[in-house]
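Chemist: Right, I'll just put the structure down here and ask away after.
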Amino acid sequence: MSNFDHLKAILDSTLNLGGRGLAFTRETPLLGDLPELDSMAVVMVLTGIEERFGIVIEDDEVSAETFETVGSLTDFIDAKLRDA
Amino acid sequence: MLEAGYLEGEQGPLFHLLHPPRERSARGAILYAHPFAEELNKSRRMVALQARRFAELGYAVLVPDQFGCGDSAGDFGDARWELWLADLSRQAAWLQERYQARVTLWGLRTGCLLLSELSRRQTLDIERMLWWQPVIDGEQYLVQFLRLRMAATMMGGNKETTRELRERLAGGEALEVAGYLLHPRMAAALAGARLAPPAHTGAAVHWLEVSADANPDISPAARRLIESWAAEGRIVEARAVSGEPFWGTQEISEIAELIERSASVVGVGSP
């Protein structure tokens with residue numbers, strides 16, 4: 001599975017999307033567009049990414065732009081794994 | 001019949017549900033310690049299902065809301081870690097007195113941290129510990145909790161980092177996090193809490209985790225801690241079951257396997 005696929009699985013499971021999340025594309029908007037994505041869900045997605053990829057995310061690394069689309073969040077994970 | 005009522009706490013009446021044993025004499029008593037803030041509400045359904053199952057097996061199960069939580073007296077911002085410990089101690093003594101039975105301490109998340117501390121301080125006749133997804137490190141948990149405010153402020157376009165928030169707490173400021181007022185002393189006590197096995201080696205420790213994987217395994221952090229305890233001769237029974245993290249998910253979810261696994265811990269079938 002690619003990082004993109006892993007991320008879709010995390011989004012689908014933590015936001016209880018019932019499979020809808022697996023059909024997301026890179027262009028699918030997240031923050032501000034997906035009602036399920038409240039602050040608690042953002043924290044759960046961050047924790048889910050940390051656990052799945054074995055990385056630690058610092059607060060100053062993430063911003064609202066990171067959560068703009070599925071693609072922007074995938075790019076963030078790709079960059080974190082490159083630096084790890 | 002399920003009983004609901006209030007028990008006198010250190011600083012006010014505390015609401016509880018009591019699931020009486022199916023038979024007249026209890027085969028044991030179980031005290032439940034709930035998790036922190038919103039996790040308490042999210043987990044109510046699973047806890048109620050489990051408590052009912054334990055009662056069917058002949059246990060008396062006490063499920064209290066601690067000070068400042070649920071239907072109990074006080075506001076969350078006035079709750080203190082020490083106060084919760086003192087009230088849990090009272091509740092354990094009350095259960096022991098009423099049912100003349102040894103007590104199983106059952107906790108979820110930070111509830112396990114409280115029970116771990118309680119068992120090392122008090123001379124309770126503990127039969128066993130049952131930990132659900134225990135928080136190992138209170139400081140790590142505090143940072144995760146503060147992230148809720150970080151995320152909310154990030155979405156509002158004026159992000160506050162957890163480091164800044166911890167500095168404000170250290171300076172004596174109470175902070176509202178996801179609708180809960182966090183007192184600096186509560187934050188400090190939580191940050192200092194670490195999971196430890198009970199002081200009395202006679203009490204078995206059962207550790208159950210929930211994993212999203214189809215082939216569930218306990219987390220690497222839990223495994224490391226359990227191995228270090230084993231090196232000191234403290235054996236912990238640890239298992240993972242598949243399911244959603246019901247204490248945090250948006251939808252209320254149930255994990256039948258966790259309930260049955262927990263039932264077998266306290267002894268399905270034996271007299």
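Going down the list, the sequences are from chains A and B. Residues 1 to 84 in this note's numbering are what the first sequence spells out, letter by letter. Residues 1 to 271 in this note's numbering are what the second sequence spells out, letter by letter. Note that CB positions come from ideal geometry on N, CA and C, so glycine has one too. Computed from a prediction, not measured in an experiment: that's the story for all the values here.
1) Which value, in whole angstroms, describes the spacing of the CA atoms of A256 (chain B) and L49 (chain B)?
2) Residues of chain B with CB closer than 9 Å to the CB of D60 (chain A), please, in chain order.
3) In terms of DSSP beta bridges, what is D137 (chain B) paired with?
4) Going by other Cβ atoms of all chains shown within 10 Å of its Cβ, with 16 needed for buried, is Q100 (chain B) buried or exposed?
5) Just to check, is the beta-carbon of S228 (chain B) closer than 7 Å to a non-hydrogen atom of the ligand SAM?
6) Would M44 (chain A) be called buried (16 or more neighbouring beta carbons within 10 Å of its own) or exposed?
7) So, is the C-beta of Q140 (chain B) closer than 8 Å to a C-beta in chain A?
8) Against chain A, with Cβ distances strictly below 8 Å, would S270 (chain B) count as a contact?
9) The alpha helix (DSSP H) spanning M85 (chain A) covers which residue range?
10) For N87 (chain A), which option in A:D33, A:S63, A:G48, A:D59 has the closest C-alpha, if you only look at C-alpha atoms?
11) Per the DSSP calculation, T69 (chain A) is bridged to which residue(s)?
12) Listing by chain order, which chain E residues have their CB less than 8 Å from the CB of S72 (chain A)?
13) The alpha helix (DSSP H) that contains G107 (chain B), what's its start and end?
14) My output table needs one value for H206 (chain B): the three-state DSSP class, helix, strand or coil.
15) Applying the criterion that 16 or more other CB atoms from any shown protein chain within 10 Å of the CB defines a buried residue, is P220 (chain B) buried or exposed?
16) Nearest to E8 (chain B) by alpha carbon, out of B:R102, B:S72, B:A37?
17) What do you get for G68 (chain B), buried or exposed, if any count of 16 or more other CB atoms within 10 angstroms of its CB means buried?
18) Let me know the secondary structure DSSP gives M1 (chain A) once reduced to three states.
19) Applying the 10 Å Cβ sphere with the 16-neighbour rule, what's the burial state of Q140 (chain B)?
20) I want to see whether chain A comes within less than 8 Å of E97 (chain B), judged by CB atoms only; does it?
21) Report yes if the CB atom of F36 (chain B) is closer than 8 Å to the CB atom of T110 (chain B), and no otherwise.
22) Please work out which residues of its chain come closer than 7 Å, Cβ to Cβ, to E160 (chain B), disregarding the five sequence neighbours upstream and downstream, and give them in chain order.
23) Assuming L31 (chain B) and V103 (chain B) are in contact, meaning their beta carbons sit under 8 Å apart, how far apart are those beta carbons, in whole angstroms?
24) Would a check of beta-carbon distances place T249 (chain B) closer than 8 Å to chain A?
25) Under three-state DSSP, which class holds L130 (chain B)?
26) According to DSSP, simplified to helix, strand and coil, what is F76 (chain B)?
27) How is the alpha helix (DSSP H) around V47 (chain B) delimited, first residue to last?
28) So is V56 (chain A) buried or exposed if we call it buried at 16+ other beta carbons inside 10 Å?
29) Mind reading off the beta-carbon distance from R343 (chain B) to P197 (chain B)? Whole number of angstroms is fine, and I expect it under 8 Å.
30) In its own chain, which residues sit with a C-beta less than 7 Å from the C-beta of S211 (chain B), not counting the 5 before and 5 after it?
Modeler: Checking against the coordinates, here is how it stands:
1) Sequence index remark: in the second sequence, residue 256 (chain B) carries index 256 (1-based). Sequence index remark: in the second sequence, residue 49 (chain B) carries index 49 (1-based). So the two alpha carbons sit approximately 9 Å from each other.
2) Against the first sequence, residue 60 (chain A) aligns to sequence position 60. K159, T161, R163, listed in chain order.
3) Taking the first residue of the second sequence as position 1, residue 137 (chain B) is located at position 137. According to DSSP, D137 (chain B) bridges with B:R194.
4) Here residue 100 (chain B) corresponds to residue number 100 of the second sequence, with the count starting at 1. Result: exposed.
5) By its list of ligands, the structure shown contains no ligand whatsoever, and the ligand SAM lies outside what it can speak to.
6) Mapped onto the first sequence, residue 44 (chain A) falls at position 44. When all chains shown are included, M44 (chain A) counts as buried.
7) In the second sequence, the residue the question calls residue 140 (chain B) occupies position 140. Closer than 8 Å: no.
8) Looking up residue 270 (chain B) in the second sequence gives position 270. Confidence is the limiting factor: at S270 (chain B) the pLDDT is only 46, short of 50, which leaves the residue's position unreliable, though a coordinate-based value still follows. S270 (chain B) does not count as touching chain A.
9) One cannot answer for residue 85 (chain A) here, as it falls past the ends of chain A, which runs 1 to 84.
10) Nothing can be reported for residue 87 (chain A), as the shown portion of chain A is limited to 1 through 84.
11) Along the first sequence, one-based indexing puts residue 69 (chain A) at 69. For T69 (chain A), which the question treats as bridged, DSSP gives the partners A:P29.
12) Absent from the structure is chain E; the protein chains it does hold are A and B.
13) Position 107 of the second sequence, counting from 1, holds the residue named residue 107 (chain B). Where G107 (chain B) is concerned, there is no enclosing alpha helix (DSSP H), although the beta strand (DSSP E) it sits in stretches over 103-108.
14) By one-based count along the second sequence, residue 206 (chain B) stands at place 206. If DSSP states are grouped into helix, strand and coil, H206 (chain B) belongs with the strands.
15) Position 220 of the second sequence, counting from 1, holds the residue named residue 220 (chain B). Burial call: exposed.
16) One-based indexing of the second sequence puts residue 8 (chain B) at position 8. The residue with the shortest Cα to Cα distance from E8 (chain B) is B:S72.
17) Within the second sequence, residue 68 (chain B) is the residue found at index 68, counting from 1. When all chains shown are included, G68 (chain B) counts as buried.
18) Here residue 1 (chain A) is taken as the residue at index 1 of the first sequence, counted from 1. Correct three-state label for M1 (chain A): coil.
19) Along the second sequence, read from residue 1 onward, the residue named residue 140 (chain B) stands at position 140. With fewer than 16 Cβ atoms within 10 Å of its Cβ, Q140 (chain B) is classed as exposed.
20) Translated into the one-based positions of the second sequence, residue 97 (chain B) becomes position 97. Judged by the 8 Å Cβ criterion, E97 (chain B) is not in contact with chain A.
21) In the second sequence, the residue the question calls residue 36 (chain B) occupies position 36. In the second sequence, the residue the question calls residue 110 (chain B) occupies position 110. In contact: F36 (chain B) and T110 (chain B) (Cβ atoms closer than 8 Å).
22) Numbered from its first residue, the second sequence carries residue 160 (chain B) at position 160. Answer for E160 (chain B): R149, M150, T153, listed in chain order.
23) Counting from 1 along the second sequence, the entry for residue 31 (chain B) is found at position 31. Counting from 1 along the second sequence, the entry for residue 103 (chain B) is found at position 103. About 6 Å separates the two Cβ atoms, so the contact holds.
24) Numbered from its first residue, the second sequence carries residue 249 (chain B) at position 249. It does: the Cβ of T249 (chain B) has a partner Cβ on chain A nearer than 8 Å.
25) Here residue 130 (chain B) refers to the residue found at position 130 of the second sequence. Here L130 (chain B) sits in strand by DSSP.
26) Within the second sequence, the letter at position 76 stands for residue 76 (chain B). When DSSP states are grouped into helix, strand and coil, F76 (chain B) belongs to the helix group.
27) One-based indexing of the second sequence puts residue 47 (chain B) at position 47. Residues 44-56.
28) Indexing the first sequence from 1 puts residue 56 (chain A) at position 56. Looking at its Cβ environment, which holds fewer than 16 other Cβ atoms inside 10 Å, V56 (chain A) is exposed.
29) The question about residue 343 (chain B) has no answer here: the residues shown for chain B are numbered 1 through 271.
30) Position 211 of the second sequence, counted from the first residue, corresponds to residue 211 (chain B). Take S211 (chain B), set aside five residues on each side of it, and the residues of its chain with a beta-carbon closer than 7 Å to its own are D217, A240, S242, in chain order.
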